[in-house]
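Chains as they are written, first to last, in numbering that gives the first Met the number 0: chain A, 0 to 275; chain B, 0 to 275.
There are 2 protein chains.
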Amino acid sequence: MIVTVVGLGVVGGSFVKALKGKGYEVYGIDTDEQTLKIAKEEGYIIEGYTDGKEILKKSDLTIICLYPSIVLDFIKNNTFKKGSIISDAVGIKSYFLNQALELIDDDIEYVSGHPMAGREKKGFAYASKEVFKGANYIIIEHEKNKKESITFMQNFVSDLGFKSVRIMSPYDHDEIISFTSQLPHVLAVSLINSDNQKYDTGKYIGDSYRDLTRIANINEELWAELFLNNKEYLLQSMNQFKEQFDLLKEAIISGREDVLKEKFIQATKRRENLEK
Amino acid sequence: MIVTVVGLGVVGGSFVKALKGKGYEVYGIDTDEQTLKIAKEEGYIIEGYTDGKEILKKSDLTIICLYPSIVLDFIKNNTFKKGSIISDAVGIKSYFLNQALELIDDDIEYVSGHPMAGREKKGFAYASKEVFKGANYIIIEHEKNKKESITFMQNFVSDLGFKSVRIMSPYDHDEIISFTSQLPHVLAVSLINSDNQKYDTGKYIGDSYRDLTRIANINEELWAELFLNNKEYLLQSMNQFKEQFDLLKEAIISGREDVLKEKFIQATKRRENLEK
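What follows is the structure, given as structure tokens:
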């Protein structure tokens with residue numbers, strides 16, 4: 000089975016690295032020839048291409064790991080093997096999936112996916128099969144999907160190290176992701192940008208500040224696109240957050256130790272049960 | 000030199016563990032006899048006591064690692080060696096330091112400190128000398144401190160593994176800590192409590208949500224006390240945060256990609272330079 004990964008950044012690179020030794024014929028497409036050269040030299044891909052003309056006609060599974068805006072162009076400009084599967088790693092789904100489906104012939108199946116894994120750093124050098132190990136993966140099911148293709152994808156990503164694989168609609172995906180992924184990025188960016196820089200902050204931090212600002216190191220192109228194309232759900236999640244923030248604020252102002260403790264106990268229980 | 004650590008929880012426990020092999024005579028005080036037994040058996044303390052009557056008369060340095068509210072009682076109820084130093088690990092300073100100073104005889108020096116290190120988990124079992132390694136430490140200077148005592152404390156904690164040791168007033172301490180430590184706890188608690196639990200959240204998270212909620216596992220007794228006794232600064236930090244949060248919200252509502260990117264670039268630069 001031929002698997003082609005498009006875009007050997009931190010996610011696509013982690014795919015080719017996780018695929019090594021799994022029995023697939025793996026090829027890579029990237030605009031950066033140096034990345035292709037390294038990926039080939041290190042034995043992760045059989046061959047690298049700067050476009051899809053040659054290899055996509057033969058590829059049984061094509062995983063497109065590009066920015067959402069470019070995925071559509073890539074699909075439009077390329078011809079895929081009949082009966083093959085195309086997948087992606089786009090972080091938001093509903094705005095984009097219908098457009099993608101319209102571009103794809105009926106004899107090719109689109110199985111959209113979201114690996115809930117990544118790194119703050121960009122590029123192939125930061126890619127690793129460890130990125131996927133124990134992580135969550137979401138398959139986004141639509142009306143044109145065949146059951147066996149969904150099952151194939153479940154087994155495929157489980158084999159790459161993902162611990163949990165869930166199947167849901169594009170709308171449900173975008174709703175939960177606005178909370179679990181986009182809202183944390185809003186908070187991290189707002190936190191670090193709210194530093195009045197009166198002190199030499201880095202000398203007065205512990206792990207709490209380090210943890211909460213790690214993702215403030217953010218890819219601005221990607222995340223502006225993700226935020227603006229998932230506006231409704233993101234604003235809903237931000238409003239939910241704001242309610243809880245205001246509740247703590249009121250409790251602090253009015254000295255309500257009981258309310259603070261109640262909210263802390265609730266938070267502790269939720270955190271302890273989060274991945275049980 | 001005799002060093003006595005009072006309260007062998009995660010911070011006090013890390014003190015005795017980091018002190019091992021450094022050439023001090025280390026004793027421990029804790030209300031839990033089992034903890035004292037383990038600490039002695041594992042070779043971290045020469046002897047353990049459930050009160051301070053016997054050992055504090057001989058102790059050259061006493062590090063009180065108790066909740067802020069109990070530190071004052073402990074000082075009031077005990078007699079310390081003349082010429083000795085008392086220190087603490089309390090997370091807020093201004094509300095409490097003047098009260099502590101009034102309780103202490105002039106021939107004993109109080110050198111208040113804040114190790115910016117800890118664990119979400121409580122107790123001696125989670126204590127480790129690794130907790131202090133590379134961490135920040137703040138010495139809180141007041142008008143009664145002698146220069147040589149401050150210098151002693153700087154050297155003492157550096158030797159235990161702290162990377163940066165800064166000296167500041169109790170007010171400056173409480174201001175910066177409201178931002179770097181208390182505000183992140185407000186955000187983590189608000190984030191996890193704002194989950195509407197429509198989905199099985201733990202199956203749809205990546206490291207961003209894990210990172211931002213780690214400290215939502217929070218000791219409710221301790222943090223209610225810390226928040227309420229640092230109200231003004233904490234509310235100031237929360238308001239600063241809220242400004243940046245609202246700014247992102249407005250940019251999302253009005254589709255201002257340029258504003259989002261500008262804030263993301265600012266956040267990335269600040270994160271990259273945070274500990275340089």
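Every residue gets a Cβ at the ideal spot worked out from N, C-alpha and C, and that includes glycine.
Closer than 7 Å by beta-carbon distance: list the chain A residues that pair up with residue i, in chain order.
i: B/T49; result: Result: empty, since nearest Cβ-Cβ is about 28 Å, beyond 7 Å.
i: B/Q265; result: N192
i: B/K120; result: Per Cβ cutoff of 7 Å: no residues; B/K120 is ~11 Å from chain A at best.
With residue i as the anchor, note down where its beta strand (DSSP E) starts and where it stops.
i: B/M115; result: 111–115
Give me the chain B residues within the contact set of residue i, using Cβ-Cβ distance strictly less than 9 Å, ordered along the chain.
i: A/M152; result: Simply none; closest approach about 16 Å.
i: A/E140; result: Correct list: empty, because the minimum Cβ distance to chain B is about 15 Å.
Using 8 Å as the limit for Cβ to Cβ distance, is residue i near chain A?
i: B/L182; result: yes
i: B/G117; result: yes
i: B/V188; result: yes
i: B/L71; result: no
i: B/K16; result: no
i: B/S207; result: yes
i: B/V185; result: yes
i: B/E108; result: no
i: B/K92; result: no
i: B/L279; result: For chain B, the structure presents residues 0 to 275; residue 279 of chain B sits outside this window and is missing.
i: B/I63; result: no
Find the residues of chain A that neighbour residue i, judging by a C-beta separation of less than 9 Å, and give them in chain order.
i: B/D194; result: F178, T179, Q239, R269
i: B/N135; result: G201, K202, Y203, I204, G205
i: B/L96; result: In chain order: nothing, as chain A lies at least about 17 Å away.
i: B/I251; result: V185, F226, L227, K230, L233, L234, M237
So what does residue i bridge to, in DSSP terms?
i: A/L60; result: A/V2, A/I84
i: A/D139; result: Reading off the sequence, residue 139 of chain A comes out as Ile, not Asp. Bridge partners of A/I139: A/S111, A/M167.
i: A/I28; result: A/V5, A/Y48
Shorter than 8 Å from the beta carbon of residue i to some beta carbon of chain B?
i: A/G11; result: no
i: A/N144; result: no
i: A/L227; result: yes
i: A/K248; result: yes
i: A/Y203; result: yes
i: A/I85; result: no
i: A/K230; result: yes
i: A/S163; result: yes
i: A/L273; result: yes
i: A/E219; result: yes
Short check: CB of residue i to CB of residue j, under 8 Å?
i: A/I139; j: A/H113; result: yes
i: B/I62; j: B/S86; result: yes
i: B/Y48; j: B/V25; result: no
i: A/G117; j: B/G205; result: yes
i: A/Q181; j: A/S111; result: no
i: B/Y66; j: B/E224; result: yes
i: B/K275; j: B/A126; result: no
i: B/G51; j: B/I176; result: no
i: B/V2; j: B/C64; result: no
i: B/R269; j: A/A215; result: yes
i: B/D59; j: B/K80; result: yes
i: A/P183; j: B/L190; result: yes
i: B/E108; j: B/K145; result: yes
i: B/D210; j: A/D245; result: no
If you follow the alpha helix (DSSP H) that residue i is in, where does it begin and where does it stop?
i: B/S157; result: 146–158
i: A/F178; result: Premise fails: A/F178 is in no alpha helix (DSSP H) and is neither H nor E.
i: A/F131; result: No alpha helix (DSSP H) contains A/F131, which DSSP labels as neither H nor E.
i: B/F244; result: 230–252
i: A/E256; result: 256–272
i: A/R213; result: First-last for A/R213: undefined, no H or E at that position.
i: B/E219; result: 219–227
i: A/D106; result: Careful: A/D106 lies outside any alpha helix (DSSP H) and carries neither H nor E.
i: A/D194; result: First-last for A/D194: undefined, no H or E at that position.
i: A/L71; result: 67–75
List the residues of chain B that residue i touches, going by C-beta distances under 8 Å, in chain order.
i: A/A223; result: E256, L259, K260, F263
i: A/L211; result: P183, L186, A187, D210, L211, I214
What residues of chain B sit near residue i, judged by a beta carbon separation below 7 Å?
i: A/E242; result: S193
i: A/I149; result: Per Cβ cutoff of 7 Å: no residues; A/I149 is ~16 Å from chain B at best.
In chain A, what lies closer than 8 Å to residue i by C-beta?
i: B/I175; result: K197, Y198, T200, Y203
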